[in-house]
Amino acid sequence: MQDSVEPGSIIHTDGWLGYLPLQKKGYEHHVTFLCRKKKTASQLMPRVHRVISLLKRWLIGTHQGAVSHKHLDYYLDEFTFRFNRRRSKSRGKLFFRLVQQAVAVEPVPLDRILHSGAKPKTKPQPVGDFATLNWPTSIL
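Our numbering numbers the first residue of the sequence shown as 1 and each following residue consecutively.
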């Protein structure tokens, strides 16, 4: 929690005992007990259950059950990106933004992705200045 959420934030969770130390760590902790309630869990925490449901459906549909724990962070990053853009009015700029990011960020060799602790063997070649590329005005 400390790696992902800024201290002083409000954390809204179910009644799992593992969340009890949150208040000592500087978080405001709101608990919603799901047991013995007249409402279902999806009624008590609707957005949480909707997002988890969408995540599970996306993982099963996209990755066909071949999800590894090793790459889970990357799967969650991609899901978050797609979830945050699901109602975007400018989806046509997605490819443009992808190319823009690819040119602006240093390339990552496959060996470094597979062995994240390994140091790069060679310095990556420069790919050019993004501003000097001739782009069609229709995508700008």
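All C-beta atoms in this analysis are idealised placements derived from N, C-alpha and C, irrespective of residue type, glycine included.
Run through DSSP, which three-state label would LYS56 get? Residue state, collapsed to three classes: helix.
DSSP state of PRO13 mapped onto helix, strand, coil: Correcting the residue type first, residue 13 is Thr in the shown sequence and not Pro. Residue state for THR13 is assigned as strand, using DSSP reduced to three classes.
Distance, GLU6 Cα to THR13 Cα: If you take the alpha carbons of THR13 and GLU6, they lie about 16 Å apart.
Residue span of the alpha helix (DSSP H) that contains GLU78, given as start and end: It spans 72-84 - the alpha helix (DSSP H) in which GLU78 sits, taken as one unbroken run.
Could you check how far apart the C-beta atoms of GLY18 and PHE33 are, in whole angstroms? I think they sit under 8 Å. Contact between GLY18 and PHE33 does not hold, since their C-beta atoms are separated by about 14 Å, which reaches or exceeds 8 Å.
Considering only the alpha carbon of each residue, which of ASP3, VAL103, HIS29 and SER53 lies closest to PHE83? By alpha-carbon distance to PHE83, the top candidate from ASP3, VAL103, HIS29 and SER53 is SER53.
I'd like the span of the beta strand (DSSP E) that includes VAL31, first residue to last. Its beta strand (DSSP E) spans residues 28-31.
Contact check, TYR74 vs VAL67 under 8 Å by CB: the rounded distance? Their Cβ separation, rounded to whole angstroms, is 10 Å, which puts TYR74 and VAL67 out of contact at 8 Å.
How is ARG50 classed by DSSP in three states: helix, strand or coil? Reduced to three states, the DSSP call for ARG50 is helix.
Are LYS39 and MET1 close, meaning C-beta to C-beta below 9 Å? No, the Cβ-Cβ distance between LYS39 and MET1 is not below 9 Å.
Does the beta-carbon of LEU22 have 16 or more other beta-carbons within 10 angstroms, so that it is buried, or is it exposed? So LEU22 counts as buried.
The alpha helix (DSSP H) with ASP3 in it runs from where to where? Element bounds for ASP3: n/a, residue is neither H nor E.
Output needed for LEU44: all residues of its chain with C-beta closer than 7 Å, excluding positions within five of it in sequence on either side, in chain order. Correct list, in chain order: THR32, LEU34 and LYS37.
Leaving out five residues before and five after THR80 in sequence, what residues of the same chain have Cβ atoms less than 6 Å from its Cβ? Excluding positions up to five away in sequence, the list is empty.
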